[in-house]
């Protein structure tokens with residue numbers, strides 16, 4: 000009886016503590032709809048003048064790779080956007096030119112009928128419903144303004160990150176002065192806590208930041224100078240970034256310390272809903288316009304909050320979901336996507352998450368330090384039979400920098416992915432005339448399971464020095480099976 004009472008008291012206390020961290024979502028019920036548009040008629044934009052909406056670097060990247068612009072590159076017709084925004088009680092949250100979609104927000108469900116009646120709207124889907132409550136803002140951790148003696152490794156330039164880069168022979172690329180210089184990497188995540196204050200990023204070249212997640216203005220925001228993605232409660236993006244961009248000798252040096260970085264928030268920490276696919280697509284198009292070469296996305300989706308339908312295995316074909324359709328376009332735009340496989344290997348789902356199923360990308364699984372697949376690492380294949388994951392790297396655990404600026408070890412395909420992504424940028428630095436598909440093929444071809452790929456280990460662990468040597472061959476061509484798509 001005492002034992003039961005103690006358990007009950009523990010449960011009540013736990014519930015009370017949990018309730019104390021919650022607050023009611025302000026402003027009443029709100030909704031977001033994804034509107035798919037029928038066409039791009041009456042557009043003032045022309046493919047003959049792409050620099051009106053794309054950066055010169057983006058245009059030059061495509062020209063260098065021999066990639067033509069097409070109708071997906073044209074912006075959404077401005078007249079359609081204006082008409083959507085003119086519906087009473089409706090505001091436009093964002094848009095995707097590649098998918099010809101618009102995300103519209105309203106607190107009036109009757110407005111949906113008016114949106115559906117617009118002659119250029121072919122489909123309307125509910126992609127977000129405001130939650131009843133959200134977590135209260137948590138206090139931020141203090142940032143370490145110095146390293147402790149135990150944070151460094153004497154006589155080891157890479158510090159605690161030596162194993163994860165040497166395992167892929169990325170240190171050999173660095174020794175050849177291939178450290179990501181001249182390359183631009185976009186990092187998609189949910190928050191980059193204290194990146195602007197952490198010692199390890201003092202020498203990191205941050206090109207800029209952008210937030211694609213809609214934030215309710217009625218929710219209190221921090222008023223300090225670090226508000227925004229640097230002031231986020233989440234440090235997942237900080238840890239991801241550190242695997243590539245950290246540059247503290249004898250503590251941690253990432254795999255692409257000389258690259259430029261765009262930090263893009265497209266993950267909503269408060270809920271798990273399909274609108275995050277739209278945010279991701281907006282981030283991808285922004286990255287394209289900004290002239291990004293490589294994207295690191297340590298994000299994946301398969302299970303959505305009610306009332307939305309969670310994904311089914313037959314959705315994993317690289318095209319069924321908006322996020323994977325978008326991801327599958329990236330190589331055709333001249334960009335390499337490196338995406339985490341997911342951490343569902345020990346659960347009922349087990350398979351990769353979207354957009355890890357996309358075509359012509361590098362999906363990364365996680366290995367432990369003995370080179371064995373981590374049990375949590377999601378497996379393939381894609382629904383249409385393509386090998387997934389593509390490659391593997393240390394992620395159980397990886398050595399990273401936390402939002403407090405301290406050395407930590409954390410597990411997940413989220414962290415094996417940037418180890419690979421940084422080295423992809425370094426490899427491409429050596430071969431600026433190769434297209435995205437060629438570099439993807441080189442990475443696969445230089446992996447240790449290339450001749451017998453499977454759906455647990457993929458093409459295996461890449462040897463980036465070998466990829467570099469293969470790429471230097473004057474008549475090098477991808478072997479049969481180099482591109483599984």
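Residue numbers (this note's numbering): 0 to 484. The C-beta atom is built at its ideal place from N, Cα and C for all residues, glycine as well. These numbers were taken from a predicted model, which means no experiment stands behind them.
- By DSSP's assignment, residue 186 forms a beta bridge with 262, 295.
- In the three-state reduction of the DSSP assignment, residue 450 falls in the coil class, being assigned neither a helical nor a strand state.
- Out of 429, 450, 425, 439, the CA that lies nearest to the CA of residue 178 is found in 425.
- Per DSSP, the beta bridge partners of residue 210 are 264.
- Relative to the Cα of residue 35, the nearest Cα in the group 118, 452, 439 belongs to 118.
- Sorting 108, 85, 87, 124 by C-alpha distance to the C-alpha of residue 102 places 124 at the top.
- Bridge partners of residue 90 according to DSSP: 104.
- Counting along the chain, the unbroken alpha helix (DSSP H) around residue 171 starts and ends at 169–174.
- Contact annotation, residue 392 with residue 167: C-beta distance approximately 6 Å; criterion of less than 8 Å satisfied.
- Buried is the label assigned to residue 400, since at least 16 other Cβ atoms lie within 10 Å of its Cβ.
- At a Cβ-Cβ threshold of 8 Å, residue 213 and residue 92 count as neighbours.
- Between the alpha carbons of residue 76 and residue 41 lies a distance of about 7 Å.
- A distance below 7 Å between beta-carbons, with the five flanking residues on each side excluded, links residue 428 to the following residues of its chain, in chain order: 177, 179, 180, 181, 182.
- Exposure of residue 368 is indicated by the presence of fewer than 16 other C-beta atoms within 10 angstroms of its C-beta.
- Taking C-alpha positions only, residue 319 is separated from residue 355 by approximately 12 Å.
- Judged by DSSP in its simplified three-state form, residue 335 adopts strand.
- For residue 281, same chain residues with a beta-carbon under 8 Å away, outside a window of 5 residues either side, are 93, 94, 95, 211, 265 in chain order.
- Of 297, 420, 461, 202, the smallest CA-CA separation from residue 370 is found for 461.
- In the three-state reduction of the DSSP assignment, residue 24 falls in the coil class, being assigned neither a helical nor a strand state.
- A distance below 8 Å separates the beta carbons of residue 374 and residue 345.
- With a threshold of 16 other beta carbon atoms within 10 Å, residue 175 falls short and is exposed.
- The residue from 458, 301, 87, 149 with its alpha-carbon nearest to that of residue 446 is 458.
- Per DSSP, residue 228 lies in no alpha helix (DSSP H) and is assigned neither H nor E.
- Following the DSSP letters along the chain, one finds residue 456 in no beta strand (DSSP E), marked with neither H nor E.
- In terms of CA proximity to residue 237, 190 leads the group 190, 257, 268.
- DSSP lists 105, 128 as the beta-bridge partner residues of residue 30.
- Residue burial annotation: residue 243 is buried, with at least 16 other C-beta atoms found within 10 angstroms of its C-beta.
- DSSP places residue 313 in the helix class (H, G or I) of the three-state scheme.
- Residue 390 is positioned such that its CB atom lies closer than 8 Å to that of residue 363.
- The stretch 335–349 makes contact with the stretch 292–303; the number of CB pairs closer than 8 Å reaches 3 or more.
- Just measuring C-alpha positions, the residue of 349, 233, 290, 232 sitting nearest residue 259 is 290.
- In the three-state DSSP reduction, residue 194 falls in the coil class, being neither helix nor strand.
- Short of 8 Å from the beta carbon of residue 380, and not among the five residues preceding or following it, lie these beta carbons of its own chain, in chain order: 386, 387, 454.
- Contact annotation, residue 365 with residue 411: C-beta distance approximately 7 Å; criterion of less than 8 Å satisfied.
- The bridge partners DSSP lists for residue 120 are 36.
- Measuring C-alpha to C-alpha distances from residue 231 to each of 203, 262, 245 identifies 262 as the nearest.
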